[in-house]
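Residue numbers for the sequence shown follow this note's numbering, beginning at 750 and rising by one. Below: one structure, written as structure tokens.
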Amino acid sequence: MHSDVIQRFYFSGQPVRGAIVKLQNSYIESLNGHDYPPIVNALLGECLASTLLMGVHLKHQARLSLQARGNGIIHLLMGEAQLKINPGGELNQHSIRAVARLKDPYDASAEASLTLDELIGQGHLAITIEPEEGERYQGIVEAKAASLSACLENYFQQSEQLPTTMQLITSPTMAAGLLIQRMPAAEDKNSASVAQADNLWEELNTLAATVSQNELLALDSETLLYRLFHEHAVTLSPAEKVCFDCSCSEQRTAQALLKIGVKEVSALLKLDNEVVMDCEFCSARYRFTQSKLQQLGMKFN
Ligand SMILES: [Zn+2]
């Protein structure tokens, strides 16, 4: 069994969908090269799991990112998923990466029990979807909740009117999550069938709430769904793979330097004869001399 997977599921004939995600290697590789305190690692794991849970039902290829920014101990927390859809019917393989910026200096050991809003301080959470084709979308919600899942549930309720339940859990070597989401009812539904859907939604939430952290981390999707919802007809889609992959490149880094401007870059070159840029996500190091930058399109006077 592949250790890094996301699987969609549907309740037959009902306006409720869900997904289960498990990340091991991709989670550990996303944290490699960083030296974050355990609580930040755990939050990044939750970020990565939730970007996939939110993105897996999209109909088109897209990049989905979740960013929390604030004035607290954590200035930036970011998880990003590149969601792939293979038209040929082969297995989709999505990729993820993550980064955090912390207030310096920071004593990790003292902060292990802080809630999300205590860590982020005054701030917000932004969900950005950039489809390969079509318009960019961004939704924003205040980072005013004890946990990331509670914050995202607020977002779906307020901004999308999609009642959503999300459970996120991490261990030092794994991040896992469960999502169930109620879809809008069809326009012509009568009040009896709306009441029926309300009851079902409540029942599914009660059942989903019985999952233990251990079960979410240890059980495969099929066993977990049977354990939770065996009285309902559930269709499970094939598992889609997830890997760590950073989309940085020399070309893109040079583009970023071009945006900084020739004057500033020239000043840096005078100091060191080269400009060194490290990727914040994967720690890849890119070195640029003046002649290399000229080759890449930068025009010096
Ligand atoms: Zn990178």
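For every residue, glycine included, the Cβ atom is placed at its ideal position computed from N, Cα and C.
What are the complete alpha helix (DSSP H) segments, minimum 4 residues, inside the stretch 924-1005?
-> Given a length threshold of 4 residues, each whole run of the alpha helix (DSSP H) inside the stretch 924-1005 is given here in chain order: 940-957, 962-967 and 970-978.
Note down the Cα distance separating Q887 from R818, rounded to an integer number of angstroms.
-> 14 angstroms
Length at least 3, wholly inside the stretch 809-870: the beta strand (DSSP E) runs in chain order | 811-819, 823-832 and 842-851
Of the residues A944, C900 and V1014, which one's Cα is nearest the Cα of I743?
-> This structure cannot settle anything about residue 743, because the visible part of the chain is limited to 750 through 1050.
Taking just the CA atoms, how far does H783 sit from E1029?
-> Rounded to whole angstroms, the gap between the alpha carbons of E1029 and H783 is 9 angstroms.
Run the CB neighbour count on P836, radius 10 Å, all protein chains shown included, and call it buried at 16 or more, exposed below.
-> exposed
Between I876 and L801, which are expected to be in contact by the criterion C-beta below 8 angstroms, what is the C-beta distance as a whole number of angstroms?
-> Contact doesn't hold; Cβ gap of about 13 angstroms is too wide.
Just tell me which of Q1044, S986 and S1032 has its CA closest to the CA of E839.
-> S986
Inter-residue spacing [alpha-carbon to alpha-carbon] between Q962 and S940 = Looking at the two C-alpha atoms, the distance is approximately 37 angstroms.
Where the alpha helix (DSSP H) containing F1037 begins and where it ends | Here F1037 belongs to no alpha helix (DSSP H); instead the beta strand (DSSP E) covers R1034 to F1037.
Report the residue from I834, H806 and L793 whose alpha carbon sits nearest the alpha carbon of Q816.
-> L793
With 16 other CB atoms within 10 Å as the buried threshold, where does R1001 fall?
-> exposed
In terms of residues, what are the limits of the alpha helix (DSSP H) holding P787?
-> Element bounds for P787: P787 to G804.
When you compare only the Cα positions, how much space is there between V765 and A958?
-> 16 angstroms
Of the choices T972, L966 and H981, whose alpha-carbon is the least far from that of N954?
-> Nearest Cα to N954 within the set T972, L966 and H981: H981.
Is the CB-CB distance between V848 and M827 below 8 angstroms?
-> yes
Would A934 be called buried (16 or more neighbouring beta carbons within 10 Å of its own) or exposed?
-> exposed
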